[in-house]
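Numbering (my numbering), first residue to last: 91 to 283.
All C-beta atoms, glycine included, are put in the ideal place defined by N, C-alpha and C.
Quick notes on the structure that follows.
As structure tokens, then:
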């Protein structure tokens, strides 16, 4: 599994020829993707009947080419639906949390229990604080945490909250299921391309 970070909440997950894009900002990248996920709706203009790529812009259960996705509405902020996803891809369970302003009730985060990797926002003004983000991480206990950035590109506050201040940025993350230690909450962060 190769994880690339493109900036904001835009990630690219790739295993072999299969590619999932999360919150892409560049429609040119759609050509190579099998699945395009959006954590907020409305987001971009799409042909929701398209099968290649398959667009997921709303809550529900999806099974595409042995990739299983469950999306749940967890917040409604500024007339925008905020959707969290549990994605099973290449034997790894990903939890994808949208950019939110308030900590959701734990019952709304149940779909993210027992995940291997959590993609979650880093602190930004007007959104969750480092303390609130760390609280969510501690409740979910993923093996690996990968933050995304809205304002600055340094998760120093979150690193401090999780006592992992010495973690340096990476260009990308290449990882296998067996390398993920359950419940470790190890934080790794990727420099935006």
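Which runs of the alpha helix (DSSP H) at least 4 residues long sit entirely within the segment 233-259? Give them in chain order. Runs of the alpha helix (DSSP H) inside the segment 233-259: 246-251.
Which residue wins for smallest C-alpha separation from residue 80, given the options 158, 188, 261, 246? The chain is shown only over 91 to 283; residue 80 falls outside these bounds and no answer can be derived.
Assign residue 258 to buried or exposed, taking buried as 16 or more other Cβ atoms, counted over all protein chains shown, within 10 Å of its Cβ. Within the chain shown, numbered from 1, the residue matching residue 258 stands at position 168. Counting C-beta atoms within 10 angstroms of its own C-beta, residue 258 has fewer than 16 neighbours from the protein chains shown and is therefore classed as exposed.
Boundaries (first-last residue) of the beta strand (DSSP E) holding residue 111: In the chain shown, counting from the first residue as 1, residue 111 sits at position 21. Per DSSP, the unbroken beta strand (DSSP E) holding residue 111 starts and ends at 108-112.
Compute the Euclidean distance between the alpha carbons of residue 118 and residue 260, then round it to the nearest angstrom. Within the chain shown, the letter at position 28 stands for residue 118. Within the chain shown, the letter at position 170 stands for residue 260. Rounded to whole angstroms, residue 118 to residue 260 spans 25 Å at the Cα level.
Please report the Cβ distance between residue 204 and residue 217, rounded to the nearest whole angstrom; I am assuming they are in contact, meaning their Cβ atoms lie under 8 Å. Mapped onto the chain shown, residue 204 falls at position 114. Mapped onto the chain shown, residue 217 falls at position 127. In this structure residue 204 is not in contact with residue 217, their Cβ atoms being roughly 26 Å apart against a cut-off of 8 Å.
Only counting runs of 4 or more residues, tell me where the alpha helix (DSSP H) segments fall wholly within the segment 147-203, in order along the chain. Fully enclosed alpha helix (DSSP H) runs of 4 or longer: not present.
According to DSSP, is residue 274 helix, strand or coil? As a first step, residue 274 is located in the chain shown; it is residue number 184 there, counting from the start. In the structure shown, residue 274 adopts coil according to DSSP, grouped into three states.
According to DSSP, residue 264 sits in a beta bridge with which residue or residues? As a first step, residue 264 must be located in the chain shown, where it is residue number 174. For residue 264, which the question treats as bridged, DSSP gives the partners 92.
Can you list, in chain order, the residues of its chain whose CB lies under 6 Å from that of residue 239, leaving out five sequence neighbours each side? Here residue 239 corresponds to residue number 149 of the chain shown, with the count starting at 1. Here the set comprises 212.
If you draw a straight line from the alpha carbon of residue 265 to that of residue 215, how long is it in whole angstroms? Start at 1 with the first residue of the chain shown, and residue 265 comes out as number 175. Start at 1 with the first residue of the chain shown, and residue 215 comes out as number 125. Cα to Cα, residue 265 sits roughly 31 Å from residue 215.
Suppose the cutoff is 8 Å on Cβ atoms and the five residues either side in sequence are ignored; what does the same chain contact list for residue 252 look like? Looking up residue 252 in the chain shown gives position 162. Residues 224, 227, 235, 275, 277 of the same chain have their beta carbon placed closer than 8 Å to that of residue 252, with the five preceding and five following residues left out of the count.
What does the alpha-carbon distance come out to for the pair residue 221 and residue 191? Indexing the chain shown from 1 puts residue 221 at position 131. Indexing the chain shown from 1 puts residue 191 at position 101. Computed Cα separation, rounded: 13 Å.
Can you tell me whether DSSP reads residue 230 as helix, strand or coil? Residue mapping note: residue 230 aligns to position 140 of the chain shown, counting from 1. It is helical.
So residue 100 is in the beta strand (DSSP E); what residue range does that whole segment cover? Here residue 100 corresponds to residue number 10 of the chain shown, with the count starting at 1. Looking at the DSSP string, the run of the beta strand (DSSP E) that includes residue 100 is 100-105.
Straight-line CA distance for residue 206 to residue 168? The sequence position of residue 206 within the chain shown is 116, counting from 1. The sequence position of residue 168 within the chain shown is 78, counting from 1. Going by the C-alpha atoms only, they are around 31 Å apart.
With 16 as the cutoff for other CB atoms within 10 Å, does residue 166 come out buried or exposed? Residue 166 sits at position 76 when you count from the first residue of the chain shown. Burial call: exposed.
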